[in-house]
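Before any comments, here is the structure.
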Amino acid sequence: MATLNTIEALLNEHDVARLTGLSLASVRRWRLLRQGPKYIKIGAAVRYKTEDVLAWLDSRPTGGGR
Numbered sequence: 046m047a048t049l050n051t052i053e054a055l056l057n058e059h060d061v062a063r064l065t066g067l068s069l070a071s072v073r074r075w076r077l078l079r080q081g082p083k084y085i086k087i088g089a090a091v092r093y094k095t096e097d098v099l100a101w102l103d104s105r106p107t108g109g110g111r
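Residue numbers (the working numbering): 46 to 111.
Dropping the structure here:
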């Protein structure tokens with residue numbers, strides 16, 4: 046049953062673009078340059094685990110604080 050829950054939680058690149066507020070092209074560029082969140086390939090499909098996207102966002106530099 047855990048496998049089914051994991052599959053349901055996978056995000057596609059459109060979901061990641063929407064969640065980050067950035068373009069689909071940006072998400073694809075991150076993948077090409079290996080700069081974005083970890084992803085899974087299922088055949089030709091690219092999927093992301095929610096926890097990997099959140100971890101990647103948390104690892105990004107922040108500004109404004111001293």
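Where is the CB? At the ideal position from N, CA and C, for every residue including glycine.
- With 16 or more other CB atoms across the displayed protein chains lying within 10 angstroms of its CB, residue 82 is buried.
- At the C-beta level, residue 73 and residue 58 come within 8 Å of one another.
- Taken through DSSP and simplified to helix, strand or coil, residue 105 comes out as coil.
- Residue 77 counts as exposed, since fewer than 16 other beta carbons sit within 10 angstroms of its beta carbon.
- Secondary structure note for residue 92: its beta strand (DSSP E) is the uninterrupted segment 90-92.
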